[in-house]
Amino acid sequence: MDSLSHLLALLAPRCEVNLHCRFGGRWQAGHQQMRSGVVPWHVVLRGEGRLNVGGQTHHLRAGDVVLLPHGSPHLMESLVEWGQVLPVAHRFNGTVTEMRAGPAEGALEMLCGEFYFGPHVSWLFSEASTLIHLHTDAREDCPELDALLN
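Each residue of the sequence shown is one higher than the one before, counting from 3 in the numbering used here.
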């Protein structure tokens, strides 16, 4: 077995898409600490929002891909700061759970899921990297994501 095959067997990577979110108005969606080896991710398809993790706030916009290598607890929220936080409705459609809040016009739309690397993932990511935040909107080397966005 070559080194790359051995590495992949050791990590045993797997990925799931489990949420399709459309949030308008003032909204919040929190995520708890994940177990070791689980790396949550978010892909913003449309709109904008904020991600709070590790005491820092990050602005998210269409085309952004976010990974949380250590499964850190985090809060996604709207840029809207006035009014009541709207309730989030959950509905499983047979494939993913749809999460909805507020009006569809101007809403943030994103896909969320998890990478499962198994228990031996700790050496793969730096201890200091709470967040990996990729801006793909101006890149020409992400045609698959561009197809999702348009």
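No residue lacks a Cβ here, since even glycine has one placed at the ideal position from N, Cα and C.
In this text, all values refer to a predicted model and were calculated from it rather than measured experimentally.
Based on the DSSP secondary-structure assignment, which residues constitute the bridge partners of residue i?
i, result
"GLY32", "LEU77"
"THR99", "LEU21 and PHE94"
"PRO42", "GLU116"
"LEU62", "GLY51"
"ARG16", "TYR118"
Taking all protein chains shown into account, do 16 or more other C-beta atoms lie within 10 angstroms of the C-beta of residue i, making it buried, or fewer, making it exposed?
i, result
"ASP4", "exposed"
"LEU157", "Outside the displayed span of the chain (3 to 152) sits residue 157, for which this structure offers no information."
"LEU70", "buried"
"ALA31", "buried"
"GLU18", "exposed"
Helix, strand or coil: which one does DSSP assign to residue i?
i, result
"LEU47", "strand"
"LEU199", "Lying before the first or after the last residue shown, residue 199 is absent from the chain, which here runs from 3 to 152."
"LEU6", "helix"
"VAL55", "strand"
"LEU88", "coil"
"LEU136", "strand"
"GLU111", "strand"
Assuming residue i contacts residue j (C-beta within less than 8 Å), just tell me the rounded distance between them.
i, j, result
"HIS43", "PHE117", "Correcting the residue type first, residue 43 is Trp in the shown sequence and not His. Their Cβ separation, rounded to whole angstroms, is 6 Å, which keeps TRP43 and PHE117 in contact under 8 Å."
"ALA103", "GLY27", "7 Å"
"VAL46", "MET112", "5 Å"
**Study point:** Three or more C-beta pairs below 8 Å linking the segment 38-45 and the segment 87-98
**Key:** no
Check your understanding: Counting Cβ pairs closer than 8 Å, one from the segment 48-63 and one from the segment 132-141, do we hit at least three?
Key -> The segment 48-63, when compared against the segment 132-141, does touch it at the 8 Å Cβ threshold.
Point to revise | Stretch-stretch touch, CB-based, cutoff 8 Å, three pairs: the segment 14-23 with the segment 59-77 | key: Contact between the segment 14-23 and the segment 59-77 is absent: fewer than three C-beta pairs spanning the two stretches fall below 8 Å.
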